[in-house]
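A.B. asks: My questions all concern the structure below.
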Amino acid sequence: MAISKVWVEDGCTACGLCADVCPEVFVIEDVSTVIEGVRYSDYEAQIKDAADGCPVEVIKYSE
Ligand code: SF4
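The structure is reproduced here in structure tokens:
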């Protein structure tokens, strides 16, 4: 299954890791924000790496 939805739950510390790992999907505003309109399935490995690497585990996705 391909990733079709990505979101960031409350608790992001704006550490920047996800935007470093996958700048095509995550941008740091006050907190990490998922860029809309991206074909997330094109960045599956990076999204999973970002979710795995997030120190507070607030990156979620659905397939
Ligand atoms: S890796 Fe996690 S804590 Fe760090 S900016 Fe991204 S969502 Fe926020």
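Mapping of the sequence shown onto this note's numbering: residues 70 to 132, in sequence order.
Note that the Cβ used here is the ideal one computed from N, Cα and C, for glycine as well.
Using the C-alpha atoms, what's the distance from serine 131 back to serine 110?
C.D. replies: One-based indexing of the sequence shown puts residue 110 at position 41. One-based indexing of the sequence shown puts residue 131 at position 62. One C-alpha to the other measures close to 11 Å.
A.B. asks: Please write down, chain order preserved, every residue whose beta carbon lies under 7 Å from a heavy atom of ligand 1.
C.D. replies: Those residues that have a beta carbon less than 7 Å away from any non-hydrogen atom of ligand 1 are, in order along the chain, Val77, Cys81, Thr82, Ala83, Cys84, Gly85, Leu86, Cys87, Ala88, Phe95, Ile97, Val100, Ser101, Ala119, Gly122, Cys123, Pro124, Val125, Val127 and Ile128.
A.B. asks: Would you mind working out which of Cys81, Lys117, Met70 and Val100 sits nearest proline 124, comparing C-alpha positions?
C.D. replies: Taking the first residue of the sequence shown as 1, we reach residue 124 at position 55. Taking only the C-alpha atoms, the option nearest proline 124 is Cys81.
A.B. asks: Is the beta carbon of lysine 129 less than 8 Å from the beta carbon of tryptophan 76?
C.D. replies: Taking the sequence shown and counting its residues from 1, the one referred to as residue 129 is at position 60. Taking the sequence shown and counting its residues from 1, the one referred to as residue 76 is at position 7. Yes, Cβ-Cβ distance for lysine 129 and tryptophan 76 is below 8 Å.
A.B. asks: Give the DSSP-derived three-state secondary structure of serine 110 in the structure shown.
C.D. replies: To locate residue 110, count along the sequence shown from 1; it is residue 41. Residue state, collapsed to three classes: helix.
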